[in-house]
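In this text, residue positions in the sequence shown follow our numbering: the first is 123, and each later residue adds one.
Every residue gets a Cβ at the ideal spot worked out from N, C-alpha and C, and that includes glycine.
Quantities reported herein were computed from a predicted structural model and do not represent experimental measurements.
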Amino acid sequence: MREKFRFEQTISRVEYKESILHSFHRSNAIESSFRVYKDGKVGIHYQVGEMSDEEGYALAVENLKERPRPYPFELETGKRSRDKTEREVTDKELMDIAKECMNYLCDKYPRFRYSARFEQEKSVHMRTNEKGMEYANTDCAISISVGYKHMDSKDILDGSFNFSLRDFDIDVFTKMADNYLANYEKAVELPEEVIIDTQYYGLLGALDSHLNGENIALKTSLLTDKIGKQVFSEEFTLLHDVSDEECWFNCFWDGDGCVIERDKQVFIDKGVVLSGYADKKSAKKYNIPHTKNAYRTFSDIPGAGGLNLRIARSNKTVKELLDGRYCVIPVICGGGGFEDNGDYTMPVQSAFLSDGEKILGKLPPFTIVSSMFDMFGKDFIGVGADNPIYNDKQILFRVRKSDIL
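This is the structure:
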């Protein structure tokens, strides 16, 4: 039985340094994985660049003889194609977009120097096999990242903002630039109750690890004895979601070729931990439920992972969740993270104060102190129904503060 993965990617990138056009770059990539399965084993040939199926499968057969990998599972089947493209711009249009954005920054906020990247990526993932599978996933988006440095600052970088859009809108860019830069020079004090407002993706790594079914089975997870129990806030629901409109370049199938119902799988429901996640291999090895969560790899067999974790949104806006309070927007933070016991410490070198819609001024440095169980438990406030600061989802949670950096 034969199977083939194929990945095609085109990237166009415009870069500015010190507010001056620095470079334009365009790249194309093609990768393929040819696989031949026999008697519970698979031979894999990974190829960068074009190669005929005849040659690719012949090399996979050789690897099946010389370097077989165990994979005693049935191949999946199904036919589905998804294209999330809304607009694809030409290289000239991307250059024009970059120029318009930079002109706005330099004209309205001349006391800053900017480094910026304007990048359009288009990618196509495909998976086919002799059992009848025909899967394809296409996406295209423009991602913008702007770093800024104030003329009076001695730091290399004073902050940054970034976002992605499938259909670029200059109004989104100017609104975000105004929010980040208009009150930058205004100093404000840290409130007594510190509520963090941030994008949550970087905070979910600990939960990803502790929800790994293998870690739960081996009792190395902090959630090992908590399946079926109320562990987090009743307002907290966590799911793997590859249907989300803010899910960029994710396939609807996993590394084993499995597709979950409605492209969503809930792991924590209203604070109750339902289960860990597992691919075919770990489900069989540890006799745990197969949740169809395997990472994709072109050069080897899959393993447990590949999650696109999302926290279910509240039906309230960020400002409504704050209910008259202020929140803190971390801009530059680093040097901390989660400990093995779930404790969380993060020095924040630069941050803003916000009312949930507008940035009001710049805060002094401080350190966040919390834990995985607190920030998603008693201190969890919610994920707003709108995207006022980041043009993306925003999580709100209370933290303890420390002056130590």
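The beta carbons of SER267 and ALA299 sit no closer together than 9 Å. Taken in chain order, the complete alpha helix (DSSP H) segments of 4 or more residues contained in the region 171-201 are 175-188. A distance of 9 Å or more separates the beta carbons of ILE503 and ALA473. The closest CA to that of ARG128, considering only LYS139, SER145, ARG148 and GLU172, is found on GLU172. Apart from the 5 residues on each side of it in sequence, LEU444 sits with its Cβ closer than 6 Å to the Cβ of GLY478 in its chain, given in chain order.
Ranked by Cα distance from TYR236, the options VAL364, SER275, MET255 and HIS247 are led by SER275.
Excluding residues up to 5 positions away in sequence, TYR270, LYS271, HIS272 and SER472 lie with their Cβ nearer than 7 Å to the Cβ of ASP280 in the same chain.
Secondary structure at GLY327: helix, using DSSP grouped into helix, strand and coil. About 6 Å separates the beta carbon of GLY335 from that of TYR399, a gap short enough to meet the 8 Å contact definition. In this structure GLN352 is exposed. Its beta-carbon is surrounded by fewer than 16 other beta-carbon atoms within 10 angstroms. Rounded to whole angstroms, the separation of the alpha carbons of ASP401 and PRO424 is 8 Å. Nearest Cα to TYR159 within the set LEU181, LEU143 and CYS373: LEU181. Excluding sequence positions up to five before and after GLY254, its CB lies within less than 6 Å of the CB of THR199, all in the same chain and listed in chain order.
If only uninterrupted beta strand (DSSP E) runs of at least 3 residues are considered, those enclosed by the region 317-399 are 360-363 and 386-391. Residue pairing for TYR270: DSSP places it in a beta bridge opposite TYR236 and GLY281. Taken through DSSP and simplified to helix, strand or coil, THR296 comes out as helix. GLY428 is not a Cβ neighbour of VAL395, given a cutoff of 9 Å. Per DSSP, the unbroken alpha helix (DSSP H) holding VAL440 starts and ends at 440-444. Burial is judged here by how many other beta carbons sit within 10 angstroms of a residue's own beta carbon; THR207 has fewer than 16 and is exposed. Here GLU188 is actually not in contact with VAL170; their C-beta atoms are around 20 Å apart, not less than 8 Å.
Linking HIS247 to ASN372 through their CA atoms gives a straight-line distance of about 9 Å. Apart from sequence neighbours up to five positions away, the residues of its chain that approach ALA434 with a beta-carbon distance below 6 Å are THR359, ordered along the chain.
Under DSSP, GLU125 forms a beta bridge with ARG157 and ASN251.
In this structure, the beta-carbon distance from ILE338 to HIS362 does not fall below 9 Å.
Under the three-state reduction of DSSP output, ILE423 falls in the coil class, being neither helix nor strand. Put simply, of GLU311, LEU227, LYS386 and ARG447 the residue whose alpha carbon is nearest the alpha carbon of SER282 is LEU227.
Under DSSP, the beta-bridge partners assigned to TYR138 are LEU143 and ALA238. Approximately 5 Å separates the beta-carbon atoms of LEU475 and VAL310; this is inside 8 Å, confirming the contact. Put simply, the backbone Cα of ASP496 is about 9 Å away from that of GLY464. Taking C-beta separations shorter than 6 Å and ignoring five residues to either side along the sequence, the partners of PHE295 in its chain run CYS223, following chain order. Taking a 10 Å sphere around the C-beta of GLU125, we find 16 or more other C-beta atoms and assign the residue as buried. For ILE219, the enclosing alpha helix (DSSP H) begins and ends at 213-230.
The alpha carbon of ILE278 has as its nearest neighbour, out of LEU329, LYS244, TYR231 and LYS139, the alpha carbon of LYS139. Cβ-Cβ separation between LYS392 and GLU356: approximately 5 Å, consistent with a contact (criterion under 8 Å).
Restricting attention to LEU197, PHE156, GLU137 and ASP319, the CA atom closest to the CA of ASN185 is found in PHE156. Taking 9 Å as the cut-off, the beta carbon of GLY499 is found closer than this to the beta carbon of PHE354.
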